[in-house]
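**Student:** Numbered according to the UniProt record's numbering, the sequence shown spans residues 1 to 989.
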Amino acid sequence: MITAYHAKYYAHDLTKIGASTHADRLSTSLFDASVDLNPHQVEAALFAIRSPLSKGVILADEVGLGKTIEAGIVLCQFWAEHKCRLLVICPASLRRQWSIELEEKFNLPNIILESACFKSRKKNEGSPLKQESIVIISYQFASRYNEELRKINWDLVIIDEAHKLRNLYKPDNKMGKNIQSALSKYRKVLLTATPLQNSLMELYGLASLIDDRIFGSAKSFKAAYVNSTPNAEKLKDRLKPFLQRTLRNQVLEYIRYTKREAIIQPFTPTEEEQRLYDAVSDFLLEQDTYAIPWAQRKLVVLIIRKLMASSSYALIGTLKMIKQRLENMKQIGKAKPLDIRTVMVSGNDLSSEYLEEEEEPPEVIKTAKGKPVDLKKLQYEIKQIEGFTTIARSIKVESKAKELVKALDIGFARMKKLGAECKALIFTESSRTQRYLKEFLTDRGYKGKIVTFNGQNNDDLARSIYRSWLDKNTKTGRVTGTLNVDDMRMSLIDFFRDEGKVMIATEAAAEGLNLQFCSLLVNYDLPWNPQRVEQRIGRVHRYGQKHDVVVVNFLNQTNWADQRIYALLKEKFHLFDGVFGASDEILGRIESGIDFEKRIFDLWETCRNPEEIEAAFQQLQEELDEPIQEHMSQTRKKLFDHFDADVHQRLRDRMQSAEKRIDEVTRMFWGLVKFVYTVKHSNENSRFYFNDEKLVFGIDEAFIKAGARSANDNERVPIYYYIDTSPPEKLDPLALAVRRKRKSDDLKHPVTGYPCRLSSLEGEMAIKSAKEMETNPAHLDFNISQHPHRIALLEEYVGKSGWLFLNRLTLDIFEKTDQLFFAICDSEGTMLKEEVGEKLFLLPATFKKGFNACPYQEYIDATLRARTNELIKQAELNNHSYFNEELDKLYSWAEDLKKDLDIEINRLDKEIQGLDWQSRQVLALQEKLAFQKEKAALEKDRSNKRHELFSSQDEIDKKRDRLIQQIEKQLQNSKSSVEELFKISWTLY
Numbered sequence: 001m002i003t004a005y006h007a008k009y010y011a012h013d014l015t016k017i018g019a020s021t022h023a024d025r026l027s028t029s030l031f032d033a034s035v036d037l038n039p040h041q042v043e044a045a046l047f048a049i050r051s052p053l054s055k056g057v058i059l060a061d062e063v064g065l066g067k068t069i070e071a072g073i074v075l076c077q078f079w080a081e082h083k084c085r086l087l088v089i090c091p092a093s094l095r096r097q098w099s100i101e102l103e104e105k106f107n108l109p110n111i112i113l114e115s116a117c118f119k120s121r122k123k124n125e126g127s128p129l130k131q132e133s134i135v136i137i138s139y140q141f142a143s144r145y146n147e148e149l150r151k152i153n154w155d156l157v158i159i160d161e162a163h164k165l166r167n168l169y170k171p172d173n174k175m176g177k178n179i180q181s182a183l184s185k186y187r188k189v190l191l192t193a194t195p196l197q198n199s200l201m202e203l204y205g206l207a208s209l210i211d212d213r214i215f216g217s218a219k220s221f222k223a224a225y226v227n228s229t230p231n232a233e234k235l236k237d238r239l240k241p242f243l244q245r246t247l248r249n250q251v252l253e254y255i256r257y258t259k260r261e262a263i264i265q266p267f268t269p270t271e272e273e274q275r276l277y278d279a280v281s282d283f284l285l286e287q288d289t290y291a292i293p294w295a296q297r298k299l300v301v302l303i304i305r306k307l308m309a310s311s312s313y314a315l316i317g318t319l320k321m322i323k324q325r326l327e328n329m330k331q332i333g334k335a336k337p338l339d340i341r342t343v344m345v346s347g348n349d350l351s352s353e354y355l356e357e358e359e360e361p362p363e364v365i366k367t368a369k370g371k372p373v374d375l376k377k378l379q380y381e382i383k384q385i386e387g388f389t390t391i392a393r394s395i396k397v398e399s400k401a402k403e404l405v406k407a408l409d410i411g412f413a414r415m416k417k418l419g420a421e422c423k424a425l426i427f428t429e430s431s432r433t434q435r436y437l438k439e440f441l442t443d444r445g446y447k448g449k450i451v452t453f454n455g456q457n458n459d460d461l462a463r464s465i466y467r468s469w470l471d472k473n474t475k476t477g478r479v480t481g482t483l484n485v486d487d488m489r490m491s492l493i494d495f496f497r498d499e500g501k502v503m504i505a506t507e508a509a510a511e512g513l514n515l516q517f518c519s520l521l522v523n524y525d526l527p528w529n530p531q532r533v534e535q536r537i538g539r540v541h542r543y544g545q546k547h548d549v550v551v552v553n554f555l556n557q558t559n560w561a562d563q564r565i566y567a568l569l570k571e572k573f574h575l576f577d578g579v580f581g582a583s584d585e586i587l588g589r590i591e592s593g594i595d596f597e598k599r600i601f602d603l604w605e606t607c608r609n610p611e612e613i614e615a616a617f618q619q620l621q622e623e624l625d626e627p628i629q630e631h632m633s634q635t636r637k638k639l640f641d642h643f644d645a646d647v648h649q650r651l652r653d654r655m656q657s658a659e660k661r662i663d664e665v666t667r668m669f670w671g672l673v674k675f676v677y678t679v680k681h682s683n684e685n686s687r688f689y690f691n692d693e694k695l696v697f698g699i700d701e702a703f704i705k706a707g708a709r710s711a712n713d714n715e716r717v718p719i720y721y722y723i724d725t726s727p728p729e730k731l732d733p734l735a736l737a738v739r740r741k742r743k744s745d746d747l748k749h750p751v752t753g754y755p756c757r758l759s760s761l762e763g764e765m766a767i768k769s770a771k772e773m774e775t776n777p778a779h780l781d782f783n784i785s786q787h788p789h790r791i792a793l794l795e796e797y798v799g800k801s802g803w804l805f806l807n808r809l810t811l812d813i814f815e816k817t818d819q820l821f822f823a824i825c826d827s828e829g830t831m832l833k834e835e836v837g838e839k840l841f842l843l844p845a846t847f848k849k850g851f852n853a854c855p856y857q858e859y860i861d862a863t864l865r866a867r868t869n870e871l872i873k874q875a876e877l878n879n880h881s882y883f884n885e886e887l888d889k890l891y892s893w894a895e896d897l898k899k900d901l902d903i904e905i906n907r908l909d910k911e912i913q914g915l916d917w918q919s920r921q922v923l924a925l926q927e928k929l930a931f932q933k934e935k936a937a938l939e940k941d942r943s944n945k946r947h948e949l950f951s952s953q954d955e956i957d958k959k960r961d962r963l964i965q966q967i968e969k970q971l972q973n974s975k976s977s978v979e980e981l982f983k984i985s986w987t988l989y
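Given below as structure tokens:
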């Protein structure tokens with residue numbers, strides 16, 4: 001059994017804030033996170049917190065390496081260190097995914113803020129940004145409410161998909177500049193797989209977002225690294241302190257990637273289907289119609305074309321909505337303002353990306369600018385829409401749907417060969433197509449095996465599945481009680497995993513789905529947006545997938561444009577084959593997926609025959625193959641791919657040290673929890689029982705001894721706290737307090753276990769209790785024979801005794817850290833290695849009252865002083881390296897600013913030389929005089945610039961020196977304190 005001294009030592013060791021260069025600093029986050037440990041993620045997280053003087057970093061790992069996990073580890077550590085003003089900015093479509101990841105993988109509370117709830121909360125509560133949770137917002141929200149963001153003293157800001165702000169340096173980038181100004185004072189972590197795509201100026205933009213003192217002006221950066229002979233090595237040196245990138249081929253030793261393979265399912269439309277397609281296509285080519293408002297025409301026509309490719313059922317609903325709009329227009333005699341785009345997106349459950357392109361909701365412009373409606377023309381359009389609807393309704397069974405049954409049979413046969421479960425995830429872009437497919441497959445042998453997943457999840461089947469799930473999980477801790485939304489989502493996923501065979505999902509629901517237990521994906525309709533296709537496949541082809549993934553794509557045999565789009569996605573973007581799928585390099589070349597879709601739309605609008613289509617697609621393909629891309633690829637390799645030649649060995653070492661630390665944390669935490677809950681929180685009404693093999697504890701003796709665990713026995717952190725489903729009324733308040741809710745898609749069956757973590761309520765209370773325990777000077781008898789493993793270092797001290805002192809050093813130099821250290825001697829006054837003290841506290845011990853004062857106190861004190869000075873010196877060395885790094889940055893920044901002035905003077909020199917040449921070429925005296933006059937003005941301007949250069953250089957140096965003085969002042973104001981935690985005499989048996 002351990003003692004109160006063990007418990008206090010463990011509690012302080014578990015919560016110490018170590019140096020940011022060592023994996024110990026991440027002890028809490030690595031232990032608390034419900035994720036598998038990968039060394040590159042630990043490396044990236046340490047890089048993000050490495051320098052206390054830094055304003056931020058860019059984590060630029062390739063796609064699929066878990067940048068979200070890296071950011072989660074950092075957020076978890078900040079939270080554990082009680083730095084809780086945390087903000088996540090991401091694309092609106094990823095907010096929900098971030099929320100789920102933070103809650104399920106890191107047990108971090110969070111809230112998504114949107115404009116509507118922000119305004120109502122602000123009215124009632126003051127600033128809604130002041131939360132006791134991590135705040136998650138979109139780019140548009142951050143830009144719109146930048147003044148509100150500036151008022152909060154954020155401890156850390158995560159910016160996901162940061163490449164969306166890579167053009168920050170451009171004068172017209174309003175969103176980027178708003179976000180930059182709001183967050184300039186705060187520490188940031190930027191996440192992007194594509195920090196550099198088309199121009200080195202993108203790196204300048206991202207660096208400026210972190211800290212506007214990394215580089216000078218855009219002008220000086222362009223002159224130094226873009227326009228002149230590339231100086232990759234110099235730029236690389238300046239990137240090192242704030243950019244970290246890991247490549248997939250560097251971590252194959254730790255991450256097993258499965259392959260993906262494509263199956264084409266061809267189909268040929270029926271005569272009626274083709275007639276409908278041709279008729280609607282001709283209508284969409286008309287430029288002036290009441291049906292489609294001119295102000296929104298491009299995006300609305302794009303959406304209609306996508307619905308046509310989805311199904312006639314998707315088209316019927318949209319035609320009905322358009323007809324209703326025209327009928328209303330006919331009644332009032334003029335166009336009624338309507339954001340038809342929003343209605344079409346929400347009515348079909350399309351991706352919200354279509355509504356995210358504008359920072360503010362679009363203004364709806366009246367047709368013909370309020371002029372009276374041409375009733376004859378309007379009536380003709382209504383008749384056209386009615387005709388399209390009649391054709392669509394005549395199609396009872398779609399040719400593509402028939403082929404879906406064949407595709408599922410082929411796919412499931414492939415699943416059996418691969419040894420994977422026979423489950424299929426079918427994606428469609430329309431909720432109306434989703435309903436049709438559900439009914440169609442239900443009538444063809446899939447009754448009771450289908451689940452739909454969309455933005456509403458409110459149909460009868462979903463509600464039935466949810467009620468059944470509630471009955472099974474009410475007492476398991478998995479029910480959140482959050483108005484059904486999260487629980488509904490979880491219930492549908494559980495049903496698909498445990499009972500279902502087919503899930504039909506819409507685009508809007510694809511965000512954040514983790515379905516790695518499914519290996520067959522069907523694109524019933526194929527998005528034109530390659531990023532969206534990759535996100536779809538990423539729902540199943542992701543970390544944790546055990547089998548190769550099969551992707552089935554439907555291809556219209558009569559549509560030449562569809563075939564060329566598929567060829568482009570397959571051959572140019574490599575979406576459907578290989579291990580990694582689409583590379584971040586090729587996906588990053590397109591500014592956004594919606595922009596790419598608009599390019600495809602333009603082809604539809606302008607091309608009338610296969611020859612024109614082929615020529616247009618060939619041009620688009622050539623653009624993706626421009627020589628500049630090869631040049632930028634080489635530049636990326638020079639700048640990013642070789643920051644560390646020994647990356648493999650470094651990752652291997654990091655893995656070993658991190659795993660060792662997690663084992664230490666697990667051992668200490670389990671020992672501490674056992675001691676605290678046994679000694680302090682067991683009584684006649686509630687006694688705790690422990691299973692050392694399974695690392696579970698609770699108050700039900702039979703249950704715990706049986707080794708009850710989570711269904712997911714392979715979860716890395718194995719400490720679970722169990723409670724009885726109906727505990728006695730007089731149960732200890734602590735035990736009642738830990739009846740927290742837990743959500744996880746990984747728990748397969750009802751359980752009564754809750755993860756016990758350092759940051760969980762039960763963990764925090766145990767640590768607090770241990771720190772507060774009375775540890776007066778006493779004697780401990782350590783027993784080496786009761787330890788399960790040999791400890792060679794201690795064997796020579798068996799039968800010996802002595803004294804031991806444990807101190808804690810707290811340092812406040814730029815940031816607060818603390819360190820524990822022992823001073824130990826034997827009964828003869830010989831000072832022993834500090835490691836002897838650490839090893840002694842691996843052993844069980846018996847407490848004895850009484851303590852004889854140490855006769856060698858002067859030796860002990862000298863050792864403690866020497867160790868204190870050694871630790872302070874090491875901390876100062878670390879901080880001086882950060883100081884020097886910051887110094888180098890400021891000197892380089894100052895030199896950049898000076899170059900701006902040189903650039904301007906050089907420009908004037910060239911203009912003056914040009915005027916000289918022009919003056920010599922003319923013969924007329926009047927013209928010569930004009931040139932000389934202009935030259936004199938430029939020379940005067942140059943002279944002024946030179947004076948300005950000298951004074952500005954002095955001012956720049958002063959500004960730099962003031963910044964350096966501020967940092968030096970922080971260094972000089974460093975504080976240190978030493979606290980004695982306890983002292984004992986000891987004997988080893």
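Note that beta-carbon positions come from the ideal geometry of N, C-alpha and C, so glycine has one too.
1. Look at the alpha carbon of Gly671 and the alpha carbon of Val978, and state the distance between them as a whole number of angstroms.
2. Would you call the segment 210–227 in contact with the segment 887–901, where contact means no fewer than 3 C-beta pairs closer than 8 angstroms?
3. Buried or exposed for residue 993, please, with buried defined as at least 16 other CB atoms from any protein chain shown within 10 angstroms of its CB.
4. Beta carbon of Ser399, beta carbon of Phe267: below 8 angstroms?
5. Note down, in chain order, each residue of its chain lying with its Cβ closer than 8 angstroms to the Cβ of Phe517, except the 5 sequence neighbours on either side.
6. Assess contact between the segment 171–184 and the segment 30–41, defined as three or more Cβ pairs (one per stretch) separated by less than 8 angstroms. Is contact present?
7. Measure from the alpha carbon of Gln131 to the alpha carbon of each residue in Leu87, Ser919, Ala894, then state which is nearest.
8. Can you give me the C-alpha to C-alpha distance between Ser519 and Lys501, rounded to a whole angstrom?
9. Looking only at its own chain, which residues have a Cβ that is under 8 angstroms from the Cβ of Lys849, when we skip the five neighbours before and after it?
10. What three-state label does DSSP hand Cys76 in the structure shown?
11. In three-state terms, what does DSSP make of Trp469?
12. Compare the Cα-Cα distances from Asn167 to each of Ser208, Glu147, Ala4 and report the closest residue.
13. Quick check: the Cα distance between Val57 and Ile159, rounded to an integer number of angstroms?
14. Name, in chain order, the residues that DSSP records as bridge partners for Ile214.
15. If you drop the 5 nearest sequence neighbours on each side, which residues of the same chain put their C-beta closer than 7 angstroms to that of Leu890?
16. Looking only at DSSP bridge pairs, what is Asp818 linked to?
17. Buried or exposed: where does Leu758 fall if 16 or more other Cβ atoms within 10 Å of its Cβ makes it buried?
18. Residues in its own chain within less than 7 angstroms of Ser892 by CB, not counting five upstream and five downstream?
19. Report the rounded CA-to-CA distance for Leu832 versus Tyr859, giving the unit in angstroms.
20. Measuring alpha carbon to alpha carbon, tell me which of Ala279, Trp469, Ile493 ends up nearest Thr390.
21. The alpha helix (DSSP H) that contains Tyr380, what's its start and end?
22. In chain order, what residues of the same chain have a beta carbon less than 7 angstroms from the beta carbon of Thr868, not counting five sequence neighbours either side?
23. Which of helix, strand or coil does DSSP assign to Val853?
24. I'd like the list of long-range same chain contacts for Leu437, defined as Cβ closer than 6 angstroms, with 5 residues on each side in sequence excluded.
25. Less than 8 angstroms separating the beta-carbons of Phe554 and Gln265?
26. Taking contact to mean 3 or more Cβ pairs, one atom from each stretch, closer than 8 angstroms, check whether the segment 38–48 and the segment 233–252 are in contact.
27. According to DSSP, is Gly445 helix, strand or coil?
28. Have a look at Thr863 and Val679 and give me their C-alpha separation to the nearest angstrom.
29. Are the segment 399–417 and the segment 318–326 in contact at 8 angstroms, needing three or more beta carbon pairs?
30. Compute the Euclidean distance between the alpha carbons of Tyr856 and Thr246, then round it to the nearest angstrom.
31. Please tell me whether Ala44 and Glu70 are closer than 8 angstroms, where the distance is taken between their beta carbons.
**Tutor:** Looking at the coordinates:
1. If you number the sequence shown from 1, residue 671 lands on position 671. If you number the sequence shown from 1, residue 978 lands on position 978. Approximately 26 angstroms, taken between the alpha carbons.
2. They touch, by the three-pair rule.
3. Lying before the first or after the last residue shown, residue 993 is absent from the chain, which here runs from 1 to 989.
4. One-based indexing of the sequence shown puts residue 399 at position 399. One-based indexing of the sequence shown puts residue 267 at position 267. For Ser399 and Phe267, yes; Cβs fall inside 8 angstroms.
5. Against the sequence shown, residue 517 aligns to sequence position 517. Cβ neighbours of Phe517 beyond the five flanking positions: Glu421, Lys423, Arg497.
6. The segment 171–184 vs the segment 30–41: no contact.
7. Within the sequence shown, numbered from 1, the residue matching residue 131 stands at position 131. The option with the nearest alpha carbon to Gln131 is Leu87.
8. Residue numbering aside, residue 519 sits at position 519 when the sequence shown is read from its first letter. Residue numbering aside, residue 501 sits at position 501 when the sequence shown is read from its first letter. One C-alpha to the other measures close to 12 angstroms.
9. Here residue 849 refers to the residue found at position 849 of the sequence shown. Answer for Lys849: Ala778, His779, listed in chain order.
10. Start at 1 with the first residue of the sequence shown, and residue 76 comes out as number 76. If DSSP states are grouped into helix, strand and coil, Cys76 belongs with the helices.
11. As a working note, residue 469 is residue 469 in the sequence shown. Helix, per DSSP.
12. Mapped onto the sequence shown, residue 167 falls at position 167. When each option's Cα is compared against that of Asn167, the closest is Ser208.
13. Your numbering for residue 57 matches position 57 in the sequence shown. Your numbering for residue 159 matches position 159 in the sequence shown. Distance between the alpha carbons of Val57 and Ile159: 11 angstroms.
14. Numbered from 1 along the sequence shown, position 214 holds the residue referred to as residue 214. DSSP output for Ile214 lists no bridge partner at all.
15. Taking the first residue of the sequence shown as position 1, residue 890 is located at position 890. If we look at Leu890 and ignore the five residues flanking it on each side, its Cβ neighbours are Arg213, Arg960, Leu963, Ile964.
16. Sequence index remark: in the sequence shown, residue 818 carries index 818 (1-based). Per DSSP, the beta-bridge partners of Asp818 are Thr810.
17. What you label residue 758 is simply residue 758 of the sequence shown in a count that begins at 1. Classification for Leu758: buried.
18. The count along the sequence shown starts at 1 and reaches residue 892 at position 892. Once the five neighbours on either side are set aside, the close Cβ partners of Ser892 are Arg238.
19. What you label residue 832 is simply residue 832 of the sequence shown in a count that begins at 1. What you label residue 859 is simply residue 859 of the sequence shown in a count that begins at 1. Whole-angstrom Cα-Cα distance: 11 angstroms.
20. Here residue 390 is taken as the residue at index 390 of the sequence shown, counted from 1. With distances taken between Cα atoms, Thr390 lies closest to Ala279.
21. Along the sequence shown, one-based indexing puts residue 380 at 380. Where Tyr380 is concerned, the enclosing alpha helix (DSSP H) stretches over 375–394.
22. The sequence position of residue 868 within the sequence shown is 868, counting from 1. Cβ within range, chain order: Leu809, Val978.
23. For the purposes of this step, residue 853 is identified with residue 853 of the sequence shown, where counting begins at 1. This sequence places Ala at residue 853; Val is not what is there. Looking at Ala853 - three-state DSSP - the assignment turns out to be coil, as it is neither helix nor strand.
24. Start at 1 with the first residue of the sequence shown, and residue 437 comes out as number 437. Hits under 6 angstroms: Ile504.
25. Taking the first residue of the sequence shown as position 1, residue 554 is located at position 554. Taking the first residue of the sequence shown as position 1, residue 265 is located at position 265. Going by C-beta atoms, Phe554 is nearer than 8 angstroms to Gln265.
26. yes
27. Position 445 of the sequence shown, counted from the start, is the residue given in the question as residue 445. Gly445: helix per DSSP, three-state reduction.
28. The residue you call residue 863 lines up with position 863 of the sequence shown. The residue you call residue 679 lines up with position 679 of the sequence shown. Rounded to the nearest angstrom, the two C-alpha atoms are 34 angstroms apart.
29. no
30. What you label residue 856 is simply residue 856 of the sequence shown in a count that begins at 1. What you label residue 246 is simply residue 246 of the sequence shown in a count that begins at 1. When rounded, the separation of the alpha-carbon atoms in Tyr856 and Thr246 is 52 angstroms.
31. Residue mapping note: residue 44 aligns to position 44 of the sequence shown, counting from 1. Residue mapping note: residue 70 aligns to position 70 of the sequence shown, counting from 1. Their beta carbons are under 8 angstroms apart, which means Ala44 touches Glu70 by this criterion.
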